[in-house]
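Structure first, then comments.
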Amino acid sequence: MERRCIFLDKNFEKTGITEFFKKEFKNIPDKKVTKKKIYSDEFKTAVIQEYLNGVSRKDILSKYDISSSALYKWISSIKPSACEEESEEDTMQKLLRENEMLKKVILMLLDSKKGGLS
């Protein structure tokens, strides 16, 4: 079985590598390489603020010409406290409930330890 070089079959030596590939792959569309856009923090904040003010994602995407994935990442990066501020009263109530639960757990552990020593 004889192996032959495709380049020799295509008369590669006369045309050169660039011309060979141009002819062979002329029907394959070029893939455009785009540079990743870098946005300032101020720009991101302004866009997020518009979203929080009720502007639709679709409108924001077309207005600022940004990708949907970029907008999603920016919105996801916001801490929940920035979107939904919890009142001090709610926080206090949660902490009080947690303290009560921890006290009960400590008492249960102490009771079980006393029972094991007797």
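First residue of the sequence shown? That's 3 in this note's numbering, and the numbers climb one at a time after it. Idealized CB from N, CA, C, for every residue including glycine.
- Counting the other Cβ atoms within 10 Å of the Cβ of V49 gives 16 or more, which makes it buried.
- In this structure I77 is in contact with Y53, their Cβ atoms being roughly 6 Å apart against a cut-off of 8 Å.
- L97 and L104 have their C-alpha atoms roughly 10 Å apart.
- K39 is positioned such that its CB atom lies closer than 9 Å to that of A72.
- Under the three-state reduction of DSSP output, G117 falls in the helix class.
- Where Y66 is concerned, the enclosing alpha helix (DSSP H) starts and stops at 59-66.
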